[in-house]
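The opening residue of the sequence shown carries number 1 in UniProt numbering; numbering runs sequentially from there. Each remark here refers to the structure printed beneath this line.
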Amino acid sequence: LCSISPLSLISSKTKLHLLYPSTTVRLKLKSVFLDSTQLDSRTTGSIIMVGFKNRYMVMEVFLDPSKDHSKDDSIIISEYNVSKAIKDSILTNYGEYGLAASLGSFKIKYVNPITKLCIIRASREEYQKVWSSITMVRSIGNCPVIFNLLDLSGNIEASKKTALKCEEAKFNQYKQLMGDLVTPETTQRMQNCFEKIRILEN
1 LCSISPLSLI SSKTKLHLLY PSTTVRLKLK SVFLDSTQLD SRTTGSIIMV
51 GFKNRYMVME VFLDPSKDHS KDDSIIISEY NVSKAIKDSI LTNYGEYGLA
101 ASLGSFKIKY VNPITKLCII RASREEYQKV WSSITMVRSI GNCPVIFNLL
151 DLSGNIEASK KTALKCEEAK FNQYKQLMGD LVTPETTQRM QNCFEKIRIL
201 EN
């Protein structure tokens, strides 16, 4: 006679609720969450809530005042060159393993070339590595720069509020400085940036 485990006679749904009495089941393997679409809901009998823990850094970019530069120097930033500068810094300071570990959630979520404001996403486990690498970025292209952290949050909505508040203040300052030189095109570009922040998602 073959021996049959009493547990094998219980349905998968019942076993799941015996093992996990909570209505929400969270599976985690070395900080990597499985997507619920990869699991058959007919066998689990429950919806699996999953999520990735991220950190969001609202930062502004300045010309480095300690470096020599002409009055005509200006910072031209984009998602590409900001991302490249940070990745290069991670590689230099933490090596290939450090860069690979950081790339999972790393992303430049937002960049404003007018006000030089950006939102950078990194995983909860790697954000300190990314942050420290950002502080060691010395240039974007050939332009000497420094990054200044304005806000650090684990919630994209909180970062969006901070970014919008900073953008509005910086643009008002920009308009006061430039006066009549502010064109309707520049104003429209800023309005587009405001809208881009409002629709940002994780």
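Backbone N, C-alpha and C fix where the C-beta goes; we use that ideal spot for every residue, glycine too.
N-terminal and C-terminal residue of the alpha helix (DSSP H) that residue i is part of
i	result
Met136	Unbroken run through Met136: none, as it is neither H nor E.
Arg189	184 to 198
Ser89	79 to 102
Leu164	156 to 178
Run of the beta strand (DSSP E) containing residue i, from where it starts to where it stops
i	result
residue 203	Any question about residue 203 goes unanswered here, given that the chain covers just 1 to 202.
Phe62	54 to 63
Asp151	143 to 153
Leu117	117 to 123
Exposed unless 16 or more other CB atoms sit within 10 angstroms - verdict on residue i
i	result
Tyr97	exposed
Pro144	buried
Gln38	With a pLDDT of 44 at Gln38, under the threshold of 50, the modelled position of this residue cannot be trusted; read the value that follows with caution. By the neighbour-count rule (16 or more Cβ atoms within 10 Å), Gln38 is not buried but exposed.
Leu117	buried
Ser66	exposed
Glu157	exposed
Met59	buried
Lys53	exposed
Lys165	exposed
Thr115	buried
Thr187	exposed
Met57	buried
Option in the options with minimal Cα separation from residue i
i	options	result
Glu195	Tyr56, Glu167, Asp68, Ile140	Glu167
Leu103	Ile114, Ile90, Val111	Ile90
Arg189	Glu60, Val111, Trp131, Ser132	Val111
Asn93	Phe52, Leu150, Met136	Met136
Leu99	Lys84, Pro113, Lys109	Lys84
Ile77	Ile146, Asp68, Asn155, Glu126	Ile146
Glu201	Lys107, Ala101, Ile86	Lys107
Ile86	Leu152, Ser74, Lys129	Lys129
Ser153	Ile75, Ile119, Ile199, Gly95	Ile119
Val61	Thr183, Ile134, Gln191, Leu177	Ile134
Lys109	Lys160, Gly95, Met178	Lys160
Arg198	Phe171, Gly95, Thr162	Thr162
Glu79	Pro113, Trp131, Thr183, Leu63	Pro113
Contact set for residue i: own chain, Cβ-Cβ below 8 Å, skip 5 residues either direction
i	result
Asn81	Ile140, Gly141
Ser105	Phe52, Asn54, Arg121, Ala122, Ser123, Glu126
Contacting residues, own chain, Cβ-Cβ under 6 Å from residue i (five flanking each side not counted)
i	result
Lys170	Thr115
Tyr20	Only weak support is given to the placement of Tyr20: the predicted model assigns it a pLDDT of 43, under 50, and the value that follows is read from those uncertain coordinates. So no residue of the chain qualifies.
Residues near residue i by beta carbon distance below 7 Å, same chain, minus five either side
i	result
Trp131	Met57
Asp64	Pro144, Val145, Ile146
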